[in-house]
Amino acid sequence: DTEVTQTPKHLVMGMTNKKSLKCEQHMGHRAMYWYKQKAKKPPELMFVYSYEKLSINESVPSRFSPECPNSSLLNLHLHALQPEDSALYLCASSQVITSGGNNEQFFGPGTRLTVL
Amino acid sequence: QQPVQSPQAVILREGEDAVINCSSSKALYSVHWYRQKHGEAPVFLMILLKGGEQKGHEKISASFNEKKQQSSLYLTASQLSYSGTYFCGTVIQGAQKLVFGQGTRLTINP
Chain A
395 DTEVTQTPKH LVMGMTNKKS LKCEQHMGHR AMYWYKQKAK KPPELMFVYS
445 YEKLSINESV PSRFSPECPN SSLLNLHLHA LQPEDSALYL CASSQVITSG
495 GNNEQFFGPG TRLTVL
Chain B
18 QQPVQSPQAV ILREGEDAVI NCSSSKALYS VHWYRQKHGE APVFLMILLK
68 GGEQKGHEKI SASFNEKKQQ SSLYLTASQL SYSGTYFCGT VIQGAQKLVF
118 GQGTRLTINP
């Protein structure tokens with residue numbers, strides 16, 4: 395199984411809502427990532443988890459809260475988002491994190507988020 | 018530290034060749050290449066590590082010039098399925114994160 399799955403595929407939420415994005419992989423990977431991608435732009439790294447511990451936070455606003463309950467699952471909790479947070483949210487995984495990043499990342503299909 | 022890709026867009030006819038370039042102002046440890054089709058996830062193509070290696074995979078190959086901190090992706094005898102946006106991702110030495118270039122949109126027409 396070389397697949398990363400993400401749910402939901404689409405999400406529309408108001409600025410006062412609380413919602414969560416879910417990501418799952420069963421490849422035995424120990425590094426998991428959240429990226430944000432705006433239309434016609436490259437993916438931008440948000441968070442990295444290594445062995446279920448938060449390894450990198452790219453100064454993401456606190457209205458985004460990541461969680462890694464186990465080695466296969468990654469969640470992104472959303473609260474009080476702004477319309478400019480509307481984007482495609484991609485999850486990825488790789489075997490491990492190494493200095494130099496020589497491990498390929500497998501991406502999920504993404505959750506398309508619209509904030510009204 | 019975002020790498021710079023060129024060209025921004027390419028339009029080809031099926032069977033033609035293309036070269037996409039990626040350059041960095043920082044010393045790189047690795048360069049990753051991904052292709053993303055509209056509405057889909059980025060798909061990994063290949064990684065090149067410092068050492069100036071070249072990799073190939075059917076009609077898609079790439080090189081990494083460590084002295085110039087540049088990588089090039091070569092698409093030979095392009096097929097319709099090659100259409101999409103190509104991203105290079107770079108990891109600077111000592112870092113653990115991948116930073117993507119702005120992308121090159123490749124359109125293959127029959």
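Read top to bottom, the protein sequences are chains A and B. Under this note's numbering, the first residue of the first sequence carries the number 395, and numbering increases by one thereafter. Under this note's numbering, the first residue of the second sequence carries the number 18, and numbering increases by one thereafter. We treat Cβ as the ideally placed atom computed from N, Cα and C, and that holds for glycine.
Identification of residues in the stretch 112 to 124 of chain B having a C-beta nearer than 9 Å to some C-beta of chain A yields Ala-112, Gln-113, Lys-114, Leu-115, Val-116, Phe-117, Gly-118, Gln-119, Gly-120, Arg-122, given in sequence order.
Rounded to the nearest whole angstrom, the C-alpha separation of A:Leu-470 and A:Glu-461 is 6 Å. Taking C-beta separations shorter than 6 Å and ignoring five residues to either side along the sequence, the partners of A:Val-442 in its chain run Tyr-427, Ser-449, Ile-450, following chain order. Residue state for B:Leu-97 is assigned as helix, using DSSP reduced to three classes. Contact check for A:Tyr-429 against A:Met-440 passes: the beta carbons are separated by less than 9 Å.
The three-state secondary structure of A:Glu-478, taken from DSSP, is helix. Within the stretch 53 to 70 of chain B, the residues whose Cβ lies closer than 7 Å to any Cβ of chain A are, in chain order, Glu-57, Ala-58, Pro-59, Phe-61, Ile-64, Leu-66.
An exposed status is given to B:Arg-30, since fewer than 16 other beta-carbon atoms sit within 10 Å of its beta-carbon. Where A:His-404 is concerned, the enclosing beta strand (DSSP E) starts and stops at 404 to 407.
Not a single C-beta of chain A is nearer than 9 Å to the C-beta of B:Ser-78.
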